[in-house]
Amino acid sequence: MSPISHDPLDRFPDVVAALAAALPSKAAPPTLKTRLDARLREFTREREASFHLLSRPADRVRERLLAPPASRRGGRGRPLGRVVVSACGREAAFFCWYLPAHERFSLAVRRADGSLEPVAAFRSDGAGDGELPYLRLPSGPPLVAVELRRESTGEVALAARL
Amino acid sequence: MERPARTDAAAGTAASPDPSDLELVERIRHGEQAALDALYRRYASPVYSLVWKILQNAEEAEDVALDVFWQVWRQADRYDASRGAPPAWIFTLARSRAIDRLRARSRREDRTVSIDDPGLNIDPLDENASPDEVVSFRQNRDAVRAAMTKLSAVQREAVELAFLKGMTHVEIAEKLGQPLGTVKTRIRQGLIRLRKHLD
């Protein structure tokens with residue numbers, strides 16, 4: 002069977018519309034609208050769920066991002082981090098302090114299915130600060146956590162559940 | 003395309019009482035569900051009629067019509083006005099999806115098809131149709147029927163096979179036992195003649 006791209010009417014959309022509009026009319030079943038509305042509601046619900054996940058108030062996100070691994074907590078000068086997620090939930094800004102100076106770090110997000118996806122890397126400055134002022138968050142399955150690792154050792158410097 | 007739903011107020015657009023199809027598509031592009039509802043009210047029955055006519059199966063026709071309006075909602079930003087008015091886009095989507103479904107079937111019935119098959123005229127018009135819509139429908143139907151009479155019998159049959167069964171030039175040539183080039187010419191001339199008379 003030849004593909005539809007060889008459709009003789011392909012270049013005649015206006016004729017298609019005229020022929021279609023002239024067909025004997027059959028009323029659309031009420032279930033069609035019911036199903037369309039249900040699909041729209043589901044679409045809206047999913048969008049809002051995603052939005053709420055990534056656009057929590059900045060303070061709450063910061064509390065979660067401040068925590069280094071339990072074994073390395075305590076004392077002054079421990080790493081600190083803050084993340085601000087944009088209102089649309091697609092971009093984020095990361096700011097970190099008290100990291101080891103002049104080291105490369107990688108940032109990754111963990112998805113609900115457990116997979117870890119690298120999103121960015123940066124080098125801390127002489128004071129141990131690092132930042133990623135504009136970062137596009139990956140789309141796809143929900144993001145549940147973020148991790149900042151030292152590239153040299155793979156050690157987790159900061160981690161938090163989103 | 004990822005777009006959150008918006009209300010009229012959120013969209014910041016003043017909805018006119020009787021918006022044009024183009025305006026509705028533009029508002030859908032901005033995620034306004036009320037615009038989709040309006041377009042649905044306007045085209046649900048014609049779209050359903052078309053896919054039902056092609057598929058001859060109520061359940062499949064409903065599935066396909068649902069997918070058509072969902073595609074309008076999700077892909078309104080792909081609408082290209084240079085390719086035709088919104089109805090041309092919507093009916094082309096509907097016809098393509100119905101024919102895709104038809105082709106997906108393993109069985110393909112060899113029915114005689116006709117644009118104005120009286121046996122299918124079960125519901126004269128949607129019961130919710132306004133008087134203006136009834137008049138418009140009848141005028142358009144009469145115009146199409148008049149335009150179809152300008153085609154030769156072979157042209158008319160070829161156009162109907164292409165329109166309602168989604169047949170390609172090759173398939174139509176095989177079915178009619180005509181040379182491919184002859185069929186291509188007849189269909190093209192037929193469609194051009196239809197367009198001229200419908201204008």
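If you're matching them up, the sequences are chains A and B in order.
Going letter by letter, the first sequence gives residues 2 to 163 in my numbering.
Going letter by letter, the second sequence gives residues 3 to 201 in my numbering.
Where a beta carbon is used, it is the ideal one built from N, C-alpha and C, also for glycine.
Note that this is a predicted model, so its numbers are computed, not measured.
Note down the Cα distance separating residue i from residue j, rounded to an integer number of angstroms.
i                : j                : result
Ala158 (chain A) : Arg42 (chain A)  : 41 Å
Arg140 (chain B) : Arg40 (chain A)  : 33 Å
Ala29 (chain A)  : Val16 (chain A)  : 23 Å
His199 (chain B) : Ala149 (chain B) : 6 Å
Ala128 (chain A) : Asp114 (chain A) : 36 Å
Glu118 (chain A) : Ala161 (chain A) : 15 Å
Ala108 (chain A) : Tyr135 (chain A) : According to the sequence shown, residue 108 (chain A) is Leu rather than Ala. Each residue's Cα considered, the two are about 13 Å apart.
Ala202 (chain B) : Ala19 (chain A)  : Lying before the first or after the last residue shown, residue 202 (chain B) is absent from chain B, which here runs from 3 to 201.
Val53 (chain B)  : Phe96 (chain A)  : 55 Å
Gly192 (chain B) : Leu153 (chain B) : 6 Å
Ala145 (chain B) : Ala93 (chain A)  : 58 Å
Val137 (chain B) : Asp79 (chain B)  : 32 Å
Ser51 (chain B)  : Phe123 (chain A) : 59 Å
Ala106 (chain B) : Ala160 (chain B) : 22 Å
Val147 (chain A) : Thr45 (chain A)  : 26 Å
Asp126 (chain A) : Glu104 (chain A) : 8 Å
Glu62 (chain B)  : Arg44 (chain B)  : 21 Å
Asp69 (chain B)  : Pro19 (chain B)  : 27 Å
Asp201 (chain B) : Leu26 (chain B)  : 24 Å
Gly168 (chain B) : Ser116 (chain A) : 44 Å
Glu28 (chain B)  : Ser84 (chain B)  : 14 Å
Ile174 (chain B) : Ala155 (chain B) : 14 Å
Leu67 (chain A)  : Gly131 (chain A) : Confidence is the limiting factor: at Leu67 (chain A) the pLDDT is only 43, short of 50, which leaves the residue's position unreliable and the question unanswerable from this model.
Asp23 (chain B)  : Arg147 (chain B) : 25 Å
Tyr99 (chain A)  : Ala40 (chain B)  : 57 Å
Quick check on this structure: which residue in the options has the alpha carbon closest to the alpha carbon of residue i?
i                : options                                  : result
Arg195 (chain B) : B:Leu52, B:Arg76, B:Thr151 and B:Val137  : B:Thr151
Pro89 (chain B)  : B:Ala175, B:Tyr42 and B:Val137           : B:Tyr42
Glu156 (chain A) : A:Val85, A:Glu92, A:Pro80 and A:Asp126   : A:Pro80
Arg190 (chain B) : B:Lys177, B:Trp75, B:Phe165 and B:Gly179 : B:Phe165
Val74 (chain B)  : B:Ser84, B:Leu178, B:Arg147 and B:Trp91  : B:Trp91
Ala206 (chain B) : B:Ser84, B:Ile56, B:Glu162 and B:Gln180  : No answer is possible for residue 206 (chain B): the residues shown for chain B start at 3 and end at 201.
Arg197 (chain B) : B:Trp72, B:Asn142, B:Glu25 and B:Leu24   : B:Asn142
Gln77 (chain B)  : B:Gln180, B:Ala175 and B:Leu38           : B:Leu38
Lys27 (chain A)  : B:Ala40, B:Gln58, B:Ala36 and B:Ser22    : B:Gln58
Any beta carbon from chain B within less than 8 Å of residue i's own beta carbon?
i                : result
Phe13 (chain A)  : yes
Arg137 (chain A) : no
Pro1 (chain A)   : No statement about residue 1 (chain A) is possible, as the shown extent of chain A runs from 2 to 163 and does not include it.
Val110 (chain A) : no
Ala93 (chain A)  : no
Arg46 (chain A)  : no
Pro80 (chain A)  : no
Asp8 (chain A)   : yes
Pro30 (chain A)  : yes
Val120 (chain A) : no
Ala128 (chain A) : no
Val16 (chain A)  : yes
Ala102 (chain A) : no
Leu33 (chain A)  : yes
Leu117 (chain A) : no
Leu37 (chain A)  : yes
Pro20 (chain A)  : For the sequence presented, residue 20 (chain A) should be read as Leu rather than Pro. True, the Cβ-Cβ gap to chain B drops below 8 Å.
Leu168 (chain A) : Chain A is shown only over 2 to 163; residue 168 (chain A) falls outside these bounds and no answer can be derived.
Any beta-carbon of chain A closer than 8 Å to the one on residue i?
i                : result
Thr151 (chain B) : no
Val146 (chain B) : yes
Met198 (chain B) : Contrary to the premise, residue 198 (chain B) reads as Lys rather than Met in this sequence. With 8 Å as the cut-off, Lys198 (chain B) does not count as an interface residue toward chain A.
Asn59 (chain B)  : no
Ala100 (chain B) : no
Ala78 (chain B)  : no
Ala90 (chain B)  : yes
Arg107 (chain B) : no
Arg143 (chain B) : yes
Tyr85 (chain B)  : The residue asked about is misnamed: residue 85 (chain B) is Arg in this sequence, not Tyr. Closer than 8 Å to some Cβ of chain A, the Cβ of Arg85 (chain B) qualifies, so yes.
Arg97 (chain B)  : yes
Ala67 (chain B)  : yes
Ala155 (chain B) : no
Any beta carbon from chain C within less than 8 Å of residue i's own beta carbon?
i               : result
Glu62 (chain B) : The chain labelled as chain C is not found among the protein chains of the depicted structure, namely A and B.
Could you check whether the Cβ of residue i sits closer than 7 Å to any heavy atom belonging to the ligand MG?
i               : result
Phe93 (chain B) : By its list of ligands, the structure shown contains no ligand whatsoever, and the ligand MG lies outside what it can speak to.
Inset, instruction - Pull out every residue of the region 168-194 of chain B whose Cβ sits closer than 7 Å to any Cβ of chain A, in chain order. - result: Gly168, Thr170, His171, Val172, Glu173, Ile189 and Leu193
Legend entry - Members of the region 24-52 of chain B that neighbour chain A once the beta carbon cut-off is set at 7 Å: Gln35, Tyr42, Ala46, Ser47, Pro48, Tyr50, Ser51 and Leu52
Inset, instruction - Taking 8 Å as the threshold, find out whether the region 9-17 of chain A comes into contact with the region 175-194 of chain B through three or more Cβ pairs. - result: yes
Legend entry - At least 3 beta-carbon pairs within less than 8 Å: the region 26-37 of chain B vs the region 137-144 of chain A: no
Legend entry - Contact the region 98-108 of chain B vs the region 19-29 of chain A: 3+ CB pairs below 8 Å: no
Inset, instruction - Return the residues of the region 137-163 of chain A that lie within a Cβ-Cβ distance of less than 8 Å from chain B, sorted by chain order. - result: Ser140
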